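J.: Input: one structure, supplied below.
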Amino acid sequence: MNRFCVSVRPKTSAARPVPLTPTARLLLGGLWALATVQSCTFPDTRPSPIVWPTPTSPAPSVAALEPLRPSQPVAPVYADLGFEVHGGGLLIDVRAAGKPVEGAWVRLLGPSLAAGGTKANGQLTLSPILPGSDYRLWITTPGLQTVISNPFTLKANSTDTLTQRFELKAAGRLRGRVVADGQGVAGAVVSDGLNSAVSDPTGEYELPGVAPGQVRLTASKPRFQLANQTIAVSATVPAVADFSLSPAPATLTLDTSLAANETQRLAWNDRFRGLSRQLAASGWTIKEAPAEPATVWVLAGVARDLTRQEIERLTDFVSQGGKLIVLGEWGGSAGFRTSAANTLLHGLGAHLAPDLVRDFVNPKNPNWITVQRFLSSHPSVAEVRSWRVYGASSVFGLWPLQSLAETSKDAFRLQSSSQTASQSLLVGGPFKAGKVIVVGDTSCFTDEDSDRDGQPNLADGDNFRLVERLLSW
């Protein structure tokens with residue numbers, strides 16, 4: 026694991042790196058975020074270097090990332106906003122039975138992304154936050170019901186602190202198993218429409234934060250039909266809900282409709298012809314029109330602002346059991362607009378940074394990155410040893426999204442400053458009844474030959490294997 030820094034940019038001074046606490050580094054694992062904020066309370070002492078464990082599987086050249094879990098309390102963590110913030114503060118106060126709740130995991134979704142854990146007094150302060158509307162807070166605490174706030178607005182140029190108070194109630198206990206033909210299904214998302222659980226290799230799952238009462242559950246995974254059932258959940262007696270999934274066609278929407286113009290859209294489609302052929306040979310049906318829930322939707326070449334209706338459509342697709350994969354591009358390449366993609370991703374807890382990641386693994390061409398650090402226990406990157414990508418941007422996600430692949434420790438990013446540290450290029454995880462995956466660059470999906478070795482990027486390293494795993498997980 027590496028050292029993770031946050032750049033603090035006071036109005037009157039140049040940016041300087043401030044290290045996160047060890048607890049925050051454990052929470053983020055491979056996630057690396059740059060926050061452009063006026064002030065911050067992170068400590069000003071540099072921790073001792075942390076050494077990555079020697080990898081033992083699947084190959085000596087592959088390092089395994091540690092699974093992420095919210096460790097409480099943690100210092101607030103902010104996603105990169107790319108410009109100076111002039112908003113106000115946000116105070117979150119969490120209680121249960123009138124008493125403060127320590128260690129509640131708080132996520133702020135909206136124009137800014139932020140997260141942290143409540144202290145012994147049940148409070149957490151996030152400040153300053155980018156002004157804007159449609160902010161939502163998610164509060165998750167073991168043994169208590171998950172809560173999402175109503176949308177709220179933070180005013181511009183405000184010195185006031187907005188207070189949000191929550192009174193949490195006891196959650197029900199729910200577990201079960203997802204099978205197909207009697208065999209456990211790994212990677213299925215079980216959800217009550219708010220909380221999510223991903224089944225383990227045996228198909229077992231445990232869903233936290235469920236409100237007692239009659240609960241409608243869904244179970245979804247690509248190549249299977251969406252299943253649902255209603256079950257009574259109690260706060261005292263554990264409930265059991267098992268699912269038996271039926272096979273379904275593997276359908277994929279490869280969406281380039283947000284390209285800058287028709288010429289650019291056709292150019293994107295041309296780059297994906299090899300991918301379409303290979304996936305068709307593997308049993309996938311490729312669609313241009315948006316597919317139905319419980320399939321996969323790949324969004325590439327975002328070059329314009331999304332309308333509210335488009336954001337709602339994509340968010341609903343994920344919420345109802347679909348998998349959304351958003352492909353980024355570094356530095357506006359091919360007309361890609363990071364800010365436009367983030368209007369969608371911020372509502373899902375993910376962020377693409379407007380930067381360029383480089384790595385000293387290949388000093389002759391640092392734009393060409395060979396990634397060999399993976400969350401090896403995660404099925405989306407299983408058996409992937411070498412992922413090759415050209416000119417990627419870094420990616421950030423709030424738990425339960427996890428960093429699935431990182432650069433070496435010697436990688437750095439070009440933006441307002443360069444800082445040497447491992448960069449996350451791939452994050453993914455559940456969101457309500459579906460899944461979200463964000464990839465830092467499109468190159469590994471395409472027919473382009475970025476390194477001029479005579480074969481398409483899709484065929485470099487384990488690129489096609491990674492694409493297949495991401496689609497099927």
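Each residue of the sequence shown is one higher than the last, beginning at 26 in this note's numbering. For each residue, glycine too, the CB sits at the ideal point set by N, CA and C. Since we're looking at a predicted model, the values are computed, not measured.
1. Please report the straight-line C-alpha distance between residue 463 and residue 196, rounded to a whole angstrom.
2. What's the C-alpha gap between residue 164 and residue 397?
3. Could you tell me whether the segment 210-230 touches the segment 240-253, using the rule of 3 or more Cβ pairs below 8 Å?
4. Between 476, 477, 482 and 461, which lies nearest to residue 470 when the distance is taken from Cα to Cα?
5. In angstroms, rounded to a whole number, what distance separates the CA positions of residue 146 and residue 131?
6. Assign residue 254 to one of two classes, buried (16 or more other C-beta atoms within 10 Å of its C-beta) or exposed (fewer than that).
7. Hey, could you find the ends of the alpha helix (DSSP H) residue 301 is sitting in?
8. Between which two residues does the alpha helix (DSSP H) holding residue 248 run?
9. Per DSSP, which one or two residues make a beta bridge with residue 329?
10. According to DSSP, residue 454 sits in a beta bridge with which residue or residues?
11. Considering only the alpha carbon of each residue, which of 351, 171 and 242 lies closest to residue 201?
12. Verify whether the separation of the beta carbon atoms of residue 450 and residue 394 is less than 9 Å.
13. On the DSSP bridge list, what partners appear for residue 280?
14. Cβ of residue 199 within 9 Å of Cβ of residue 263?
15. Quick test of your reading: residue 448 and residue 419, contact by CB under 8 Å. State the CB separation rounded to the nearest angstrom.
16. Using the C-alpha atoms, what's the distance from residue 369 back to residue 157?
17. Under DSSP, the alpha helix (DSSP H) around residue 489 begins and ends at which residues?
18. Rounded to the nearest angstrom, what separates residue 327 and residue 361 at their Cα positions?
19. Could you give the distance in angstroms between the alpha-carbon of residue 142 and the alpha-carbon of residue 452?
20. With DSSP collapsed to three states, give me the class of residue 294.
21. Are the segment 146-155 and the segment 168-175 touching by the rule of at least three beta carbon pairs closer than 8 Å?
22. Would the beta-carbon of residue 359 fall within 9 Å of that of residue 381?
23. With residue 365 as the anchor, note down where its alpha helix (DSSP H) starts and where it stops.
24. Name the two residues that bound the continuous beta strand (DSSP E) containing residue 393.
25. Taking 9 Å as the cut-off, decide whether the C-beta atoms of residue 344 and residue 234 are in contact.
26. Quick check on the burial criterion: 16 or more other C-beta atoms within 10 angstroms. Buried or exposed for residue 220?
27. How is residue 38 classed by DSSP in three states: helix, strand or coil?
28. Roughly how far, in whole angstroms, is the beta-carbon of residue 376 from the beta-carbon of residue 133, given that I think they are within contact range, below 8 Å?
29. Using 8 Å for Cβ pairs, my map puts residue 355 next to residue 466. What's the rounded Cβ distance?
30. Pull up the CB-CB distance for residue 169 and residue 115, whole angstroms please, since I reckon it's below 8 Å.
31. Assign residue 406 to one of three DSSP states: helix, strand, or coil.
32. So what's residue 343 in DSSP terms, helix, strand or just coil?
33. Who are the near neighbours of residue 426 in its chain, counting only those whose CB is closer than 7 Å to its CB and skipping five residues on each side?
34. Looking only at DSSP bridge pairs, what is residue 229 linked to?
35. How many angstroms separate the CA atom of residue 302 from the CA atom of residue 294?
36. Using CA coordinates, which residue listed in 144, 209, 272 and 135 is at the minimum distance from residue 117?
T.: The structure says:
1. 31 Å
2. 34 Å
3. yes
4. 482
5. 14 Å
6. exposed
7. 298-306
8. Premise fails: residue 248 is in no alpha helix (DSSP H) and is neither H nor E.
9. For residue 329, which the question treats as bridged, DSSP gives no partner whatsoever.
10. 461
11. 242
12. yes
13. 324
14. yes
15. 5 Å
16. 15 Å
17. 488-497
18. 5 Å
19. 21 Å
20. helix
21. no
22. no
23. 363-370
24. 393-396
25. no
26. buried
27. The predicted model places residue 38 with a pLDDT of 32, which falls under 50 and marks its position as unreliable, so this point remains unresolved.
28. Contact flag wrong, Cβ pair sits at about 12 Å.
29. 6 Å
30. That pair is no contact at about 21 Å.
31. helix
32. helix
33. 374, 375, 452, 453, 454 and 461
34. 202
35. 12 Å
36. 144
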